[in-house]
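My numbering numbers the first residue of the sequence shown as 8 and each following residue consecutively. Beta carbons are placed, not taken as given, at the ideal position from N, Cα and C, and that holds for glycine. As the structure is a computational prediction, the values presented were derived from the model and not from experiment. One structure is given here, and the rest of the page talks about it.
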Amino acid sequence: MAHLFRDLSLGHSKRESTPLPLQTKPRMLPSKLTSTDLQSPLGQLASQLTDSDLRLTAYDVFLAVCRTSSSKPLSSSASASASASNSDSLGYNSPSQNNNHSPNSPALQRSLTSAAASKMKKAFGLKSPGSKKSPGSGPGSGEGKSKRPTTVGELMRIQMRIPETVDSRVRRALLRIGGGLVGRRIESVVLPLELLQQLKQSDFTDQQEYDAWQKRNLKVLEAGLLLHPRVSLDKSNNASQRLRQIIHAALDRPIETGKNNESMQVLRSAVMSLASRSDGSFSDSCHWADGIPLNLRLYEMLLETCFDINDETSIVEEVDELMEHIKKTWVVLGINQMLHNLCFTWVLFHRFVATGQVEMDLLYPADGQLAEVAKDAKATKDPDYSKILSSTLTSVLGWAEKRLLAYHDTFDSGNIYTMQGIVSLGVSAAKILVEDVSTEYRRKRKGEVDVARNRIDTYIRSSLRTAFAQRMEKADSSRRASKNQPNPLPVLAILAKDVGELAVHETKVFSPILKGWHPLAAGIAVATLHSCYANEIKQFISGIMELTPDAVQVLRAADKLEKDLVQIAVEDAVDSEDGGKAIIREMPPYEAETAIANLVKGWIKTRLDRLKEWVDRNLQQEVWNPQANQEGYAPSAVEILRIIDETLDAFFQLPIPTHPALLPDLMAGLDKCLQNYVMKAKSGCGTRSTYIPTMPALTRCEIGSKFQGVWKKKEKSQNSQKRNSQVATMNGDNSFGIPQLCVRINTFHCIRSEMDVLEKRIITHLRNCESAHVEDFSNGLSKKFELTPSACVEGVQLLSEAVAYKIVFHDLSHVLWDGLYVGEPSSSRIDPLLQELERNLLIISETVHERVRTRIITDIMKASCDGFLLVLLAGGPSRAFSRQDSQIIEDDFKALKDLFWANGDGLPADLIDKFSSTVRGVLPLFRTDSESLIERFRRVTLETYGSSARSRLPLPPTSGQWNPTEPNTLLRVLCYRNDETASKFLKKTYNLPKKL
8 MAHLFRDLSL
18 GHSKRESTPL
28 PLQTKPRMLP
38 SKLTSTDLQS
48 PLGQLASQLT
58 DSDLRLTAYD
68 VFLAVCRTSS
78 SKPLSSSASA
88 SASASNSDSL
98 GYNSPSQNNN
108 HSPNSPALQR
118 SLTSAAASKM
128 KKAFGLKSPG
138 SKKSPGSGPG
148 SGEGKSKRPT
158 TVGELMRIQM
168 RIPETVDSRV
178 RRALLRIGGG
188 LVGRRIESVV
198 LPLELLQQLK
208 QSDFTDQQEY
218 DAWQKRNLKV
228 LEAGLLLHPR
238 VSLDKSNNAS
248 QRLRQIIHAA
258 LDRPIETGKN
268 NESMQVLRSA
278 VMSLASRSDG
288 SFSDSCHWAD
298 GIPLNLRLYE
308 MLLETCFDIN
318 DETSIVEEVD
328 ELMEHIKKTW
338 VVLGINQMLH
348 NLCFTWVLFH
358 RFVATGQVEM
368 DLLYPADGQL
378 AEVAKDAKAT
388 KDPDYSKILS
398 STLTSVLGWA
408 EKRLLAYHDT
418 FDSGNIYTMQ
428 GIVSLGVSAA
438 KILVEDVSTE
448 YRRKRKGEVD
458 VARNRIDTYI
468 RSSLRTAFAQ
478 RMEKADSSRR
488 ASKNQPNPLP
498 VLAILAKDVG
508 ELAVHETKVF
518 SPILKGWHPL
528 AAGIAVATLH
538 SCYANEIKQF
548 ISGIMELTPD
558 AVQVLRAADK
568 LEKDLVQIAV
578 EDAVDSEDGG
588 KAIIREMPPY
598 EAETAIANLV
608 KGWIKTRLDR
618 LKEWVDRNLQ
628 QEVWNPQANQ
638 EGYAPSAVEI
648 LRIIDETLDA
658 FFQLPIPTHP
668 ALLPDLMAGL
678 DKCLQNYVMK
688 AKSGCGTRST
698 YIPTMPALTR
708 CEIGSKFQGV
718 WKKKEKSQNS
728 QKRNSQVATM
738 NGDNSFGIPQ
748 LCVRINTFHC
758 IRSEMDVLEK
768 RIITHLRNCE
778 SAHVEDFSNG
788 LSKKFELTPS
798 ACVEGVQLLS
808 EAVAYKIVFH
818 DLSHVLWDGL
828 YVGEPSSSRI
838 DPLLQELERN
848 LLIISETVHE
858 RVRTRIITDI
868 MKASCDGFLL
878 VLLAGGPSRA
888 FSRQDSQIIE
898 DDFKALKDLF
908 WANGDGLPAD
918 LIDKFSSTVR
928 GVLPLFRTDS
938 ESLIERFRRV
948 TLETYGSSAR
958 SRLPLPPTSG
968 QWNPTEPNTL
978 LRVLCYRNDE
988 TASKFLKKTY
998 NLPKKL
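Below is the structure:
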C-alpha cells in the first residue's frame, strides 16, 4: 500500500496527552469529526448494532488474531527495556500464519519505532501530526501520566478509544481461549461464542454492564450467521431457526453461559452448525464475521484507527505496523486486497469529508487509492464486489458532483486548492463506473466515450448555468435597488457586465484546473455563458420597437460581452484540432450590432419621413419674399438646414458604436431630402426656351410700298399676340416674379455653401466617435452630400438663365420685340430697352447674393445679345434694314455693351467680348451689298449641300446658331434687306411672300 502516497516530512503523534483513567463501565471517547450527509456505501446492517458495538467487536477480532499482551517493553527506549521483563504475553499460536510464535514474542508486542513507521508515511504522502505530543508527553507529564504507547496493542486500544478495563477483560478471555486452541487457527473459532462462554457476570462491574455485553455478542452472532451470512441460508435450515429463537429469547432474558450449561450447549450447537458451512474454499474456517456488509463495517472500524485521535486529519506515525496487524484480520473477516483497497479508499475519502474538506493530504491518497481500485475493477467481475464497488463509487461521485455541478458555489479563494483533487476523484469514480461497471459502455467502442471530458463538460455547463441564474437574480435586485436613482442601468446591461466578469473569473480561476481533463474548458464555459445570455438578449431584441437609450445600452453591452466571450473561446482553442470551430458554432451571434443598425435605420427613416413631409408642406406655403430676411434666403431653406443640423447632432448623440457605418444611410437620406427641396423649388420657374418667342415665317421686304407702315403696325400686333400666348402661364403667379426667382437663386447658393459647413461639422463629430477609424476621415464619400450640391449648381444655372431671358424676352418685350427697329430703324432705336435693362439690373444687384450676381448679369447680357440678333434676323415683316441702317445697328450694339461694361464697374471687358462675339460676327453682313450676300449665300449652300444644289438652291433650315458663314443666317439678312436685288432673289429662288 505504501506506493500510493507521496513523501512528506515526518512529525510525531499528538495522541491523548493524559491517560485513560480506570473506569467501572466501558465508555467510548468522543470523536472530533463533523457529521456528514454521507451514508456508508459498504452496506447497512439489518441488526441493531451501533457503531460502538461494531468498534468493540472489531477490537475483539483484532486482539484475537494478533494475540497481543498489554505492555511488552520496547527496544527503542531505555524505559521501555526496563519494563520489558514485567510484561504479559499470549502464548497461543498465530491464527493468521502457519508458523508458531514464542510466548515471549507475540505480534502485538513488536516495538514501535519512528524508523519503521517512516516507510509508509513517506510513501503515503500523508500529513504527520503537527507536534511531538504523544499520550503522556503533554505539559506536566510525569508520575501519574501514561507513557508513549509502546506496543501495537496499546496503540490500537488508544486509537479505538477502548477503556483499559475492557481491554484487560478481553485479554483475559483470550488467554483462557488460547489454552484450548493448541494446533488450531483463530479463524476456526467463533469468537463471540467463545467470549460468551469464557466471561461471566463476575468479570464485569455490574449486571447491567454484563447484560449489555452479552446482548452485543448475541447481536453479532445474529448479524454474522443469520442476517448477513457468508453462505446463504435455506429457509428450512433448523439451526438458523433455533439460533434465532435463542437470540431473541436471550435479548429479553440473559442466558446462562457456563461451559456445561444446557442453554449454552444448544447455542454452541446452532452456532457451529451455521458457522461451519462451507463456502467452497475447502478450509476449516468458521464463517461468522465474513459476510457482507458486516465484515466491511468491522474492517472500516479498524482502518479508522490509522488516523490520530487528537489530530484526525493526520495518519499515526506507526501506520506501517498498525496496518500490518489490521491485515491479519482478513482471515476472520473474509477481506482480500481488492476489498481492502475499496474500504481504505472510502475511509480516506470519508475522513476528508468529515474533517472539513480541506485536507489535501487525505484527498490525494484517496484519489491514488482509487487508481488501485480501477485496476481491481478491471481484474474481476465478482458480483458481490461489483455491487459494493458500484455503491462506493456512486457515493463518492454523488458527493463530488453535488459540489462540481455548482462549483462556483462550492469553491472560493479559501478552498480553491481542493478543487483539482475533488475533480480528479469524481472523474476517476465516473470512469470506473462507466468503463467497468456499466454494461452499456461495453457495447460501445471505447474510443466513442471520453468519460473524463464528458463529465467536465457537464460540470462546466451545469455550474455556469447556475451561476448565470444567480447573476441574473442579482442584476434584477440591483435594478430594483437603483430605480429611484437617475439613469439606472437596464437589467440586461448589468447582467452583461456581470457575465463578462464571471467569464474572466472562470478563465483565471477554474479553467486552468479543469483544462487538465478538458482541453477546451474555457471555451465550453464561455459558450455556455453565451448561450444563457443569448436566451435573454434575443427575447429582448424581439420586443424592441424603437430606439431608446435603454435599448442601446443593453445592445451595446451585449455586443461587448459577445466579443469578449468569442475572444476567450478563440484564444482557448488556438491549439485544438479544429481551431475552435466547434465551440464557435455553439455561439451563434446575438446580432446586437445588426439590431442596433436596424433600430438606427428605423430612427433615420422616421426622421427622413418627417423631413420629406415638412419639405412638401413648407414649399407649398413658401412665397419667396425678398424681404423675409436680411440675407434674401427663403425661410423654408433656413429651417430645413436647421433641421438637418439638429438631425446630425441627434444622430451623433445616439449612444451607439457604429456611427461611421450608419452615417452613409443618414447622409443619403438627408441628401435626397435637400435635393428634393431644390428640385421642387426650381420646378415651374421656366427655362431659356420658355421665354424666347417663336420665329415668324420667312418673308421678303415690300420695296417702296406706301402701305408699308400699315403692314408693319399690323405685324407688330400679331407678333405680340403670339408671344403673349407663350408666356401666359407665367403671369398668374407672383411667386415667379424676378425678385422671387432671385430669392430662389440665393437659396440654392445658400444651401450649396452650407453643405461644406455641414460636412466639416460631420468630420468633427466623427473624430469624437469612440468607434471611428482613420479611414472614416480619409474616405470622403460617406460623409459628403453627393446629390444636393450639383442640384444647387444646376438650379442656379437654370434659374439664372430663366431670370435673364424672362427679363429680356418677357418683361421687356414691349421695348425689345414690340419696339426695337419696328418701322423705320432710325426712329425706333435701342434707348428704351437700355433704360429698362438698367432698371432691372439695379433690382438684380440689390436682390441677388454677390457670389452669384455676376453670373446673372452675364446671363442677362447673353439674353440681350440673343434678343438683339433675334430682332435683326427674325423680327418679322414689321422690320426691314437698308445698308445705311448698319451704322445705327452697330452704334446701338455698342451702347448695349457699354451698359454692361458700366465704365469698368460692370462686367469684365473680356467677358463682354466673349459673349458678344456672335453679334459682332453677324453685324458686318448688314453693311455688305446684296449681290455679295447672294453670291456668298450660293457658295456656302453649294458647299453645304454639294452638287445636288446646283439646279435649285435648297431652303436651309433654321438652326438658331447664327454665323456669318451659315446659310440660314445669310438668308435671313437677305430677307430683311430693304432693296430690290434681295427681294427679287428671294422671290425667284424661294417664292417668299411679302407678308404673313
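**Q.** Coarse secondary structure for I551, derived from DSSP in three states
**A.** Position 544 of the sequence shown, counted from the start, is the residue given in the question as residue 551. I551: coil per DSSP, three-state reduction.
**Q.** Close Cβ partners of M762 (< 7 Å) along its chain, the five nearest in sequence each way excluded
**A.** Taking the sequence shown and counting its residues from 1, the one referred to as residue 762 is at position 755. Scanning its chain for C-beta atoms nearer than 7 Å, with the 5 sequence neighbours on each side dropped, one finds around M762 the residues F792, T795, P796, in chain order.
Q | Same chain only: Cβ atoms within 8 Å of L63, ignoring 5 sequence neighbours per side | A | For the purposes of this step, residue 63 is taken as the residue at position 56 of the sequence shown. For L63, same chain residues with a beta-carbon under 8 Å away, outside a window of 5 residues either side, are P33, I169, V173, R223 in chain order.
Q.
Rounded to the nearest angstrom, what separates A870 and L930 at their Cα positions?
A. Translated into positions along the sequence shown, residue 870 becomes position 863. Translated into positions along the sequence shown, residue 930 becomes position 923. If you draw a straight line from the Cα of A870 to the Cα of L930, it comes to about 17 Å.
Q: Give the DSSP bridge partners of R984, in chain order.
A: Along the sequence shown, read from residue 1 onward, the residue named residue 984 stands at position 977. Beta bridge pairing from DSSP links R984 with F888.
(Q) Taking 8 Å as the threshold (C-beta atoms), are T514 and I575 in contact? (A) By one-based count along the sequence shown, residue 575 stands at place 568. By one-based count along the sequence shown, residue 514 stands at place 507. Cβ distance < 8 Å, so I575 and T514 count as in contact.
Q) Do the CB positions of L355 and Y392 come within less than 8 Å of each other? A) As a position in the sequence shown, residue 355 is number 348, starting the count at 1. As a position in the sequence shown, residue 392 is number 385, starting the count at 1. The Cβ-Cβ distance between L355 and Y392 does not fall below 8 Å.
Q.
Assuming A528 and I467 are in contact, meaning their beta carbons sit under 8 Å apart, how far apart are those beta carbons, in whole angstroms?
A. Position 521 of the sequence shown holds residue 528. Position 460 of the sequence shown holds residue 467. Confirmed, about 6 Å.
Q) With a cut-off of 8 Å, do at least 3 Cβ pairs link the segment 577–584 to the segment 600–607? A) No, because fewer than three Cβ pairs between the segment 577–584 and the segment 600–607 fall closer than 8 Å, the two stretches do not touch.
Q.
Rounded to whole angstroms, what is the Cα-Cα separation between G911 and I837?
A. For the purposes of this step, residue 911 is taken as residue 904 along the sequence shown, with counting starting at 1. For the purposes of this step, residue 837 is taken as residue 830 along the sequence shown, with counting starting at 1. Between G911 and I837, the C-alpha separation is close to 21 Å.
Q. Which residues mark the beginning and the end of the alpha helix (DSSP H) in which Q344 is found?
A. Residue mapping note: residue 344 aligns to position 337 of the sequence shown, counting from 1. Where Q344 is concerned, the enclosing alpha helix (DSSP H) starts and stops at 344–361.
Q. Taking the continuous alpha helix (DSSP H) assigned at I501, which residues delimit it?
A. For the purposes of this step, residue 501 is taken as residue 494 along the sequence shown, with counting starting at 1. Note, I501: alpha helix (DSSP H), 498–512.
Q. Going by beta carbon distance, what residues of the same chain come within less than 7 Å of T736, once the five residues before and after it are set aside?
A. Here the question's residue 736 lines up with position 729 in the sequence shown. With a pLDDT of 41 at T736, under the threshold of 50, the modelled position of this residue cannot be trusted; read the value that follows with caution. There are no such residues.
Q) Where do the ends of the alpha helix (DSSP H) carrying I699 lie? A) Position 692 of the sequence shown holds residue 699. Where I699 is concerned, there is no enclosing alpha helix (DSSP H), given that its DSSP letter is neither H nor E.
Q: Note down, in chain order, each residue of its chain lying with its Cβ closer than 6 Å to the Cβ of Q733, except the 5 sequence neighbours on either side.
A: For the purposes of this step, residue 733 is identified with residue 726 of the sequence shown, where counting begins at 1. Model confidence at Q733 stands at a pLDDT of 41, short of 50, so the residue's coordinates are unreliable; what they give is reported in the following sentence. Leaving aside the five residues that flank Q733 on each side, none in its chain has a CB nearer than 6 Å to its CB.
Q | Contacting residues, own chain, Cβ-Cβ under 7 Å from E600 (five flanking each side not counted) | A | Counted from its first residue, the sequence shown places residue 600 at position 593. Taken in chain order, the residues that qualify are D566, T665.
Q. Hey, how far is the Cα of L977 from the Cα of T706?
A. By 1-based counting over the sequence shown, the position of residue 977 is 970. By 1-based counting over the sequence shown, the position of residue 706 is 699. Cα to Cα, L977 sits roughly 14 Å from T706.
Q: Look at the Cβ atom of T854, then the Cβ atom of G609, and state whether they are nearer than 8 Å.
A: Indexing the sequence shown from 1 puts residue 854 at position 847. Indexing the sequence shown from 1 puts residue 609 at position 602. No, Cβ-Cβ distance for T854 and G609 is not below 8 Å.
(Q) Nearest by alpha-carbon distance to F658: which of N636, L673, E553 is it? (A) In the sequence shown, counting from the first residue as 1, residue 658 sits at position 651. That would be L673, whose Cα lies nearest to the Cα of F658.
Q | Pick from I520, N975, P884, R614 that is closest to A675, judged by C-alpha positions | A | Stepping through the sequence shown from its first residue, residue 675 is reached at position 668. Of I520, N975, P884, R614, the residue nearest in Cα terms is R614.
Q. Any idea what DSSP makes of I322, helix, strand or coil?
A. Mapped onto the sequence shown, residue 322 falls at position 315. DSSP places I322 within a strand segment (E or B) once states are collapsed to three.
Q: Classify F314 as helix, strand or coil using the three-state DSSP reduction.
A: Locating residue 314 in the sequence shown gives position 307, where the first residue counts as 1. If DSSP states are grouped into helix, strand and coil, F314 belongs with the strands.
Q. So, do the segment 412–425 and the segment 469–485 have three or more beta carbon pairs nearer to each other than 8 Å?
A. Taking 8 Å as the limit for Cβ pairs, the verdict is that the segment 469–485 does touch the segment 412–425.
Q.
Strictly by DSSP, which residues pair up with G830?
A. Residue mapping note: residue 830 aligns to position 823 of the sequence shown, counting from 1. The partner list for G830 (beta bridge, DSSP) reads R886.
Q) What residue range is occupied by the uninterrupted alpha helix (DSSP H) comprising L880? A) Taking the sequence shown and counting its residues from 1, the one referred to as residue 880 is at position 873. It spans 857–881 - the alpha helix (DSSP H) in which L880 sits, taken as one unbroken run.
Q: Give the DSSP-derived three-state secondary structure of D585 in the structure shown.
A: Here the question's residue 585 lines up with position 578 in the sequence shown. DSSP places D585 in coil when its eight states are reduced to three.
Q.
Threshold first: 4 residues or longer. Then list the alpha helix (DSSP H) segments lying entirely within the segment 397–469, N to C.
A. Qualifying alpha helix (DSSP H) stretches, in chain order: 414–417, 426–439, 446–449.
Q) What three-state label does DSSP hand E569 in the structure shown? A) Taking the first residue of the sequence shown as position 1, residue 569 is located at position 562. If DSSP states are grouped into helix, strand and coil, E569 belongs with the helices.
Q: Identify the continuous alpha helix (DSSP H) that holds D672 and give its terminal residues.
A: Taking the first residue of the sequence shown as position 1, residue 672 is located at position 665. Its alpha helix (DSSP H) spans residues 666–689.
Q. What do you reckon, is the C-beta of K388 under 7 Å from a heavy atom of the ligand SAH?
A. In the structure on display, the ligand SAH does not appear, and there are no ligands present to speak of.
Q. Would you say the segment 636–654 touches the segment 692–708, given that touching needs at least three Cβ pairs under 8 Å?
A. Contact between the segment 636–654 and the segment 692–708 is absent, because fewer than three Cβ pairs lie under 8 Å.
Q: Measure how close the beta-carbons of T275 and L200 come, nearest whole angstrom, since I'm counting them as under 8 Å.
A: Stepping through the sequence shown from its first residue, residue 275 is reached at position 268. Stepping through the sequence shown from its first residue, residue 200 is reached at position 193. Before going on, a small fix: residue 275 reads as Arg here, not Thr. R275 to L200, Cβ: 6 Å. Contact.
Q: Count the other C-beta atoms from every protein chain shown that fall within 10 angstroms of the C-beta of S1029, then say buried if there are 16 or more, exposed otherwise.
A: Given that the chain is displayed from residue 8 to residue 1003, the structure contains no residue 1029 and the question cannot be resolved.
Q) Secondary structure at K721, three-state DSSP: helix, strand or coil? A) Locating residue 721 in the sequence shown gives position 714, counting from the first residue. Only weak support exists for where K721 lies, its pLDDT of 45 falling under 50; the coordinates are left without a value.
Q. Of all the options N775, L823, D419, F816, which has the alpha carbon lying nearest to the alpha carbon of F517?
A. Position 510 of the sequence shown, counted from the first residue, corresponds to residue 517. Among N775, L823, D419, F816, the Cα nearest to that of F517 is on D419.
Q: Ignoring anything shorter than 4 residues or poking outside the segment 46–76, list the alpha helix (DSSP H) runs there in chain order.
A: Qualifying alpha helix (DSSP H) stretches, in chain order: 58–73.
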